[in-house]
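Some notes on the structure that comes next.
Residue numbers (UniProt numbering): 1 to 175.
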């Protein structure tokens, strides 16, 4: 799968809203109403899953009427379904901006240009974004904070980024 057709999670069905088949969708976009412009939204298999007919803002996203759901029961049955768009459906970022998903697949090079691995994913466990690095040599993946100190250079178009592993802190002898 190329980076252009990589699936980007943009929302999740929260269940029915009311009794007339409307569905609540949690939006993972900066602007929740942007979901309307991405319709149809895709399922995890990349196939169309939800076509928004109309939508209005809600506290966690949007409340929408969709082509594929006509009843409260149908909406509730799809609760939890993740909704995606392809990367090329997103607007082009401004110069010197990028989407975190654009980091996936980049080669991670140390200051001496030695390839340490590739970015496997970008995770956020509640504090800051972390790059999951799949090592060039066999071994377990490891995490690198996505900070200017740990990733001082991004060369997205060239397919790599500079990574500086934090120095290990050794236990000090206790007196």
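Glycine included, every Cβ here is placed at the ideal spot set by N, Cα and C.
According to DSSP, what are the bridge partners of residue i?
i	result
residue 143	132
residue 153	162
residue 7	86
residue 107	118, 160
Beta-carbon within less than 7 Å of residue i's beta-carbon, same chain only, minus the 5 sequence neighbours each way: which residues are those?
i	result
residue 71	21
residue 51	39, 40, 66, 67, 68
residue 19	72
residue 134	117, 118, 120, 141
residue 209	No answer is possible for residue 209: the residues shown for the chain start at 1 and end at 175.
residue 28	9, 10, 11
residue 93	99
Between which two residues does the beta strand (DSSP E) carrying residue i extend?
i	result
residue 103	No beta strand (DSSP E) holds residue 103; DSSP gives it neither H nor E.
residue 115	115-124
residue 148	First-last for residue 148: undefined, no H or E at that position.
Please return the same chain residues whose Cβ sits closer than 6 Å to the Cβ of residue i, not counting the five positions on each side in sequence.
i	result
residue 151	161, 163
residue 102	156
residue 55	36, 62, 64
residue 89	38
residue 104	119
residue 115	107, 109, 136
At the 8 Å Cβ level, is residue i part of the contact set with chain B, yes or no?
i	result
residue 60	Within the model displayed, chain B is absent; a lone protein chain is all it includes.
Once the 5 residues before and after residue i are set aside, which same chain residues still bring their CB inside 8 Å of it?
i	result
residue 128	145, 146, 147
residue 143	123, 130, 131, 132, 133
(request) Could you pull out every unbroken alpha helix (DSSP H) segment of at least 4 residues lying fully inside the UniProt domain "RimM N-terminal" (10-88), listed in chain order? (result) With a minimum length of 4 residues, the continuous alpha helix (DSSP H) runs that stay inside the UniProt domain "RimM N-terminal" (10-88) are 34-37, 72-77.
(request) For the stretch 148-166 and the stretch 102-111, state whether three or more C-beta atom pairs, one from each stretch, are separated by less than 8 Å. (result) Flag = yes, the stretch 148-166 and the stretch 102-111 touch.
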